[in-house]
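FYI, in numbering that gives the first Met the number 0 the residues of the sequence shown are 0 to 290.
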Amino acid sequence: MNTYNAFRPHFDTKTFVKPESLFFPIYSWTWNDYLTEDGIKEQIDEFVTRGIKNLYVIPISKSFRPHNMRVRLSPDYMTNDFLKLFHFAVDYGRKNDLSFWLYDEDAWPSASCGGKVVQSCPELIQKEISYKKVSLTSSVPYYGSDKNFLAAFLDGRRISLPFQTNTDCEITVYFINERHAFNNPYPDILDPRTADLFLTLTHEKYALEFGNEFADVFPCVFIDEPNLAPYPWTQSLDEEFTKKYGYDLKNFLPSIFDEECTDEAGIRARIDYRNCIADLLVKNFYMKIST
0 MNTYNAFRPH FDTKTFVKPE SLFFPIYSWT WNDYLTEDGI KEQIDEFVTR
50 GIKNLYVIPI SKSFRPHNMR VRLSPDYMTN DFLKLFHFAV DYGRKNDLSF
100 WLYDEDAWPS ASCGGKVVQS CPELIQKEIS YKKVSLTSSV PYYGSDKNFL
150 AAFLDGRRIS LPFQTNTDCE ITVYFINERH AFNNPYPDIL DPRTADLFLT
200 LTHEKYALEF GNEFADVFPC VFIDEPNLAP YPWTQSLDEE FTKKYGYDLK
250 NFLPSIFDEE CTDEAGIRAR IDYRNCIADL LVKNFYMKIS T
């Protein structure tokens with residue numbers, strides 16, 4: 000069966016009268032409890048009775064939201080026993096004319112393998128640009144010893160370090176911050192190593208489980224809401240930005256955060272920053288997982 004007949008340039012009467020499964024809605028099947036072959040068969044039988052033709056499984060493990068979404072998924076996500084039961088569900092569903100898409104994450108957002116990407120390589124934790132106000136005392140030098148320091152500004156102007164004034168003042172310090180927005184640690188998807196590790200821990204395990212049938216079994220892969228911080232940072236950003244645009248992004252960090260910026264150079268830096276992030280996202284994440 001040609002899964003992509005929907006995109007044929009001509010109208011097919013037979014397909015219109017008896018549509019292929021691609022033309023039907025696809026349903027989310029949440030796995031968040033104890034899994035057994037009998038329980039899986041019972042639910043699939045009900046799906047078939049109700050005329051459902053397309054499914055994808057969303058596994059939700061105990062670690063996803065342990066404080067406000069308590070679940071009992073067992074076997075745990077991506078264990079051998081989990082994969083065997085998933086394989087059983089797909090085989091039984093296909094015998095009953097159900098088509099499966101592959102959902103590639105423990106709940107959401109995609110790219111973390113339920114936190115295993117960062118657990119395997121802690122330096123891949125997602126990063127963002129943050130800032131804070133620092134009060135300085137006159138005649139006391141400031142050395143910028145903050146962890147992951149990027150730059151410091153006084154009245155909108157970048158200052159050189161060590162910095163010292165004859166009067167008390169307040170400066171704005173910009174730094175790289177590790178972002179912990181989810182219960183499971185989420186990786187930096189701008190770093191190409193994240194996509195490589197994510198594919199190894201998730202897609203390649205499914206491919207190994209299904210062998211040569213993998214491409215035929217799953218016509219589509221559902222990747223769900225890969226996440227970026229509001230002001231993302233990655234280890235290659237500084238070098239990539241300078242190479243692409245010919246100036247130092249760190250000179251314009253206040254403009255990056257100023258949505259009402261009217262300075263022409265600041266506006267250009269805001270645009271260049273977002274374009275650079277988009278380029279890195281496409282090159283280092285989406286192009287890798289789509290090939």
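Ideal Cβ positions, reconstructed from N, Cα and C, are used throughout, including at glycine. Quick caveat: nothing in here was measured; it's all calculated off a predicted structure.
Which one or two residues does DSSP pair with residue i in a beta bridge?
i	result
ARG93	Its beta-bridge partners do not exist; DSSP assigns none.
SER98	ASN53
LEU153	ARG156
PHE251	Beta-bridge pairing links PHE251 to no other residue.
TYR173	TYR130, ALA150
SER111	The partner list for SER111 (beta bridge, DSSP) is empty, contrary to what the question assumes.
PHE162	TYR141
VAL220	LEU101
Consult DSSP for residue i and reduce its assignment to one of helix, strand or coil.
i	result
MET0	Here the model assigns MET0 a pLDDT of 45, short of 50, so the residue's position is not dependable and the matter cannot be decided.
ARG69	coil
ILE188	coil
TYR205	helix
GLU19	coil
PRO225	coil
PHE46	helix
PRO121	helix
TYR141	strand
SER289	coil
TYR244	helix
Output the boundary residues of the beta strand (DSSP E) element that contains residue i.
i	result
LYS126	126-135
ILE57	53-58
THR29	25-30
So the alpha helix (DSSP H) residue i belongs to, where does it begin and stop?
i	result
VAL16	12-16
ALA264	263-280
Just to check my reading of the structure: residue i and residue j have Cβ atoms closer than 8 Å, yes? What is that Cβ distance to the nearest angstrom?
i	j	result
LEU97	LEU54	6 Å
LEU198	ILE288	6 Å
GLY113	ASP105	3 Å
HIS86	PHE209	7 Å
Would you say the segment 212-223 touches the segment 151-171, given that touching needs at least three Cβ pairs under 8 Å? Cβ pair count under 8 Å is below three, so no.
Touching by the beta-carbon criterion (3+ pairs, under 8 Å), the segment 69-85 and the segment 124-139: Output reads no: the segment 124-139 does not touch the segment 69-85.
How about the segment 39-54 and the segment 15-28: do they share at least three Cβ pairs that are nearer than 8 Å? Flag = yes, the segment 39-54 and the segment 15-28 touch.
Between the segment 169-186 and the segment 275-286, do at least 3 Cβ pairs fall closer than 8 Å? Contact between the segment 169-186 and the segment 275-286 is absent, because fewer than three Cβ pairs lie under 8 Å.
Please confirm if the segment 216-226 is in contact with the segment 142-149, defined as three or more CB-CB distances below 8 Å between the two stretches. No, because fewer than three Cβ pairs between the segment 216-226 and the segment 142-149 fall closer than 8 Å, the two stretches do not touch.
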